[in-house]
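A.B. asks:
Residue numbers (the numbering used here), protein chains in the order written: chain A, 1 to 337; chain B, 1 to 497.
1) With 7 Å as the C-beta to C-beta threshold (strictly closer), list the residues of the stretch 71 to 103 of chain B near chain A in chain order.
2) Which value, in whole angstroms, describes the spacing of the CA atoms of residue 72 (chain A) and residue 255 (chain A)?
3) What are the start and end residues of the alpha helix (DSSP H) that includes residue 190 (chain A)?
4) Considering Cα atoms alone, identify which of B:285, B:281, B:463 and B:381 is closest to residue 446 (chain B).
5) Listing by chain order, which chain A residues have their CB less than 7 Å from the CB of residue 292 (chain B)?
6) For residue 169 (chain B), which of helix, strand or coil comes out of DSSP?
7) Give the residues of chain A in contact with residue 116 (chain B), contact being defined as C-beta atoms less than 9 Å apart.
8) I'd like the list of long-range same chain contacts for residue 93 (chain A), defined as Cβ closer than 8 Å, with 5 residues on each side in sequence excluded.
9) To be precise: take each residue of the stretch 259 to 276 of chain A, compare its Cβ to all Cβ atoms of chain B, and keep it if any distance is under 7 Å. Which residues remain?
10) Would a check of beta-carbon distances place residue 211 (chain A) closer than 8 Å to chain B?
11) Identify the contact partners of residue 187 (chain B) in chain A, using a Cβ-Cβ distance below 8 Å as the criterion.
12) Could one say the Cβ of residue 218 (chain A) lies closer than 8 Å to chain B's Cβ atoms, at least one of them?
13) What did DSSP end up calling residue 280 (chain B) once you bin it into helix, strand or coil?
14) Does residue 322 (chain A) get closer than 8 Å to chain B when you measure Cβ to Cβ?
15) Quick one: give me the first and last residue of the alpha helix (DSSP H) that residue 325 (chain B) is part of.
16) Strictly under 8 Å for the Cβ-Cβ distance: is residue 59 (chain B) near chain A by that measure?
17) Taking only the alpha-carbon atoms, compute the straight-line gap between residue 277 (chain A) and residue 77 (chain A) and give it to the nearest angstrom.
18) Using the C-alpha atoms, what's the distance from residue 448 (chain B) back to residue 573 (chain B)?
19) Got a sec? Which residues, its chain only, sit under 6 Å from residue 373 (chain B) by beta carbon, not counting five neighbours each side?
20) Please report how far the alpha carbon of residue 391 (chain B) lies from the alpha carbon of residue 18 (chain B), in whole angstroms.
21) Cα-Cα, which of B:129, B:101, B:47 and B:234 is closest to residue 119 (chain B)?
22) Beta-carbon separation of residue 13 (chain B) and residue 63 (chain B) under 8 Å?
23) Are residue 292 (chain A) and residue 313 (chain A) close, meaning C-beta to C-beta below 8 Å?
24) Closer than 7 Å by beta-carbon distance: list the chain A residues that pair up with residue 107 (chain B), in chain order.
25) Quick one, which of A:294, A:79 and A:262 has its alpha-carbon nearest residue 135 (chain A)'s?
26) By DSSP's criteria, residue 112 (chain B) is part of a beta bridge. Which residues make up the other side?
27) I need the DSSP call for residue 44 (chain A), collapsed to helix, strand or coil.
28) Could you have a look at residue 82 (chain A) and say whether DSSP puts it in helix, strand or coil?
29) Among A:81, A:109 and A:187, which one has its Cα closest to the Cα of residue 251 (chain A)?
30) For residue 278 (chain A), decide whether its Cβ has a neighbour in chain B, counting only Cβ atoms nearer than 8 Å.
31) Could you spell out where the alpha helix (DSSP H) holding residue 464 (chain B) opens and where it closes?
32) Are the CB atoms of residue 114 (chain A) and residue 161 (chain A) nearer to each other than 8 Å?
33) Return helix, strand or coil for residue 73 (chain A), following the three-state DSSP convention.
34) Spell out whether any CB of chain B is found under 8 Å from the CB atom of residue 191 (chain A).
35) Between the Cα of residue 67 (chain B) and those of B:345, B:152 and B:7, spot the shortest distance and give me the residue it belongs to.
36) Using CA coordinates, which residue listed in A:51, A:30 and A:118 is at the minimum distance from residue 228 (chain A)?
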């Protein structure tokens, strides 16, 4: 009955599926860019280089997934870099002071610390009513300041680290570096959480229409607290991995990293205004960022140019994506309102 | 008789006030299973507050809610839903980024072993959509649906919680006739299945077509409940508006002068058509009608924010084109919009800066402002209007609604336009300030300003206007002189009864 009074169904199921597949644009961009780069540099399309890119983006994927969850609820977490730096520092000091500490415990310690830091962000936003961008801008400085206070301005070098600490990130007990394995496990867990738990679904609901979420009986504050808590938790994990991978903890560890964690989801097609976003988008976005970095070095573009070219390519990727999305929608028929 | 039946939900001695404003006073309501119960009242009569109490959004100050013979308390919307009370609000409450199935089952997605069971969810959603005779794919995102389809999804949501009571707040206001017919068929189906439906609409003909009984509210108080079959539209209108006018509206007798503004066959494609009237020097022309009748669109056309697509506008006998607010201002047309927070005031700026905003040029020389003179002018204007403030440097946003409205008026007083359009000039302000605003309007008219006043409050229209136009569905459906106008006559023209 009523369904017949509204616009006819889009033309083809295939076209419709492509339109709904928001990641199509970014994949296309990755393919085209890979082809262009491999023309200039044969070293680009090799398994070793691919492995290299994955190693470089593993930590970014973990933190960008956390960032995406905050973004879905219409928030942002600018303190991720400081949380990583602070947990990296505290865990490094701990393992140096207690060389007998089993490494899994170090990971648990890092995640607990991170959860506490993220929980504080969550309280500020959910309980205190501070806008996320302001709250986390504040804690960005506070947590970075705590790194200096805690370390007294010193840092931990590779030779001080207990032997084997580096294997937390670089070990390959299952044939794949732990770092990549970690990122994959986190991606799987976040996917399951967002798709198959009530809390995960509520995250989308709160971001998509906060007023309607309230009317549907969803406790918005609780959801927002939880995404910041999770963000802290994953930053804690990232902090341990960072310290292990670079075998160092410095006062400026992960400084400025928050920008990349926002860029990866946005480049991947996550709506910066909240309500939508997928794990695949974040992985693709992070991969594209890593690939651009890698390619610019391989092609031999001067480091002076790299940042600017990197920014240009990011904008180009986002533009391509939005143009393709619009074109496909036009092709798929009139959008009903 | 009907009153012998047991009510599904009964409301007794319900009162609610918001910050000193009494929204509901000793209201009663009883709704039976398998009836469509209309809730009727003017804007601001308390209908919205009542349904928000029934759905747990607000909690009453006093009074009782009885569901199936047992008194209940509704602390939140989820508690109301648990009791089987669902509502479809005027504002859509869907999640645009989620699909239909999830919108229907939000907050109670089926789970298996703790995980959301998508297969089961799509199955349930498909079943509910089928019950409504819909063939929509439950995987469609809500943002891709038409307004009518969105409403049906909300009805499906009510079905999903086995709603005993379904409240529909003006569900037809944005539907086409065809969609309204489909919706009514569906409501009748729900009624036959035993659902109690509370239906709010301003369109009386819809109520006669659909409702079994009607309860009327006026100024937050219960007026009466009637069976729809033995009530006339005249009687309903009298129940809605029947109050004495009092001396609240002191329109001074001003001899009206020449025609200032003449509008002939004005229209904006898709919103209103064929609007013609004359506005004289010193006249207050009232424009009555229901919300959405197109009155604001006429004002926007005259001010150039939504330029007319047909018809002519003559100012002092000269034909003019108004393409944007700049040209309207240059011609001497001022506009005070309905939503002063959104369009009328810059809340973050000081009172003084707001007042002098449209006339800044007066205080500027070679691009530099003479801020002392600006300050003095603002001060004088604010004092003339008795704006309750500490200084004109105070932020406009800190003032109460009534005083904000005074600042908006002061702003136009300084600009001294020939024609001033006021859209709902006293909505949401208290009685005392209201009288001050009305006095000011009288003064402006006495100075020769021509005023077009849009108002949904009949007593205000009747008390202030020299002439009255009534609009309905984008057309003028009634013209009255001050002497000939009655509330019943205006209401009949506004509702098409």
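Note that CB positions come from ideal geometry on N, CA and C, so glycine has one too.
Just so we're clear, the structure is a prediction, and the values are computed from it rather than from any experiment.
C.D. replies: Let me spell this out:
1) Those residues of the stretch 71 to 103 of chain B that come within reach of chain A (Cβ to Cβ, closer than 7 Å) are 76, 77, 78, 81, 93, 94, 95, 96, 97, 98 and 102.
2) 24 Å
3) 178 to 196
4) Checking every option, the nearest Cα to that of residue 446 (chain B) belongs to B:281.
5) Ordered by position in chain A, no residue passes the 7 Å Cβ test against residue 292 (chain B), which lies about 18 Å from the chain.
6) In this structure, residue 169 (chain B) counts as strand in the three-state DSSP scheme.
7) 195, 196, 197, 198, 200 and 201
8) 150, 151, 156 and 249
9) 275 and 276
10) Interface flag for residue 211 (chain A) against chain B is set, since a Cβ pair is found closer than 8 Å.
11) Result: empty, since nearest Cβ-Cβ is about 13 Å, beyond 8 Å.
12) yes
13) strand
14) no
15) 325 to 330
16) no
17) 16 Å
18) Because chain B spans 1 through 497 in this model, residue 573 (chain B) falls outside it and cannot be assessed.
19) 363
20) 28 Å
21) B:101
22) In contact: residue 13 (chain B) and residue 63 (chain B) (Cβ atoms closer than 8 Å).
23) Against a cut-off of 8 Å, the Cβ pair of residue 313 (chain A) and residue 292 (chain A) comes out as a contact.
24) 216, 217 and 218
25) Answer by Cα proximity: A:79.
26) Answer is B:115.
27) coil
28) helix
29) A:81
30) no
31) 458 to 464
32) no
33) coil
34) No, because no Cβ of chain B sits closer than 8 Å to the Cβ of residue 191 (chain A).
35) B:7
36) A:118
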